[in-house]
């Protein structure tokens with residue numbers, strides 16, 4: 001960080017802008033097969049109406065920047081980290097279901113996910129992992 005602004009590293013592609021990268025990423029790995037690619041605000045309209053800046057950061061930074069740094073951490077590992085963090089926080093709702101599905105799209109196999117969830121159970125709590133197992137079967 002220099003002068004209060006984060007410097008752009010070699011793994012950040014700025015030529016196309018973060019929002020198009022975020023939408024391209026969502027199209028490639030985060031949406032369910034057959035779903036149209038919505039702007040993040042389209043799928044989360046109440047949150048976007050209430051907090052448009054939050055939605056912009058979600059699109060531009062989280063999906064446009066962080067998820068696109070595949071040279072630093074492959075999508076498969078990002079998905080494993082995300083699923084692990086959600087379960088660890090006890091977030092076993094639609095967000096976890098979405099990321100379990102994304103993990104599958106990003107190359108995490110059924111057997112790998114079962115082992116990940118078994119491992120997480122001892123650190124994040126049995127009830128959290130049990131709920132995640134039920135959701136993973138649907139992903």
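Numbering (the UniProt record's numbering), first residue to last: 1 to 139.
Backbone N, C-alpha and C define an ideal beta-carbon position, used for all residues, glycine too.
Residue environment: residue 126 is assigned as exposed (fewer than 16 neighbouring CB atoms within 10 Å of its CB, all protein chains considered). Here residue 139 has 100, 101, 104 as same chain residues with Cβ atoms under 6 Å from its own Cβ, once five neighbours each way along the sequence are excluded. Between residue 91 and residue 116, the C-beta spacing is not below 8 Å.
Annotated three-state conformation of residue 108 is coil, per DSSP. Nearest C-alpha to residue 128 among 76, 110, 96: 96. In the structure shown, the three-state DSSP call for residue 60 is helix.
Assignment of residue 139 by DSSP, reduced to helix, strand and coil, places it in the coil class.
Classified as buried, residue 86 has 16 or more neighbouring CB atoms from the shown chains inside 10 Å of its CB. Shortest Cα-Cα distance from residue 118 to any of 84, 47, 63 involves 84. Note on residue 75: 16 or more other CB atoms within 10 angstroms of its CB, so buried under the neighbour-count rule. Taking each of 51, 69, 131 in turn and checking the Cα distance to residue 94, the smallest one comes out for 131.
Of the residues 56, 55, 78, the one whose Cα lies closest to the Cα of residue 66 is 78. Excluding its 5 nearest sequence neighbours in each direction, residue 133 has C-beta neighbours in its own chain below 8 Å: 114, 117, listed in chain order.
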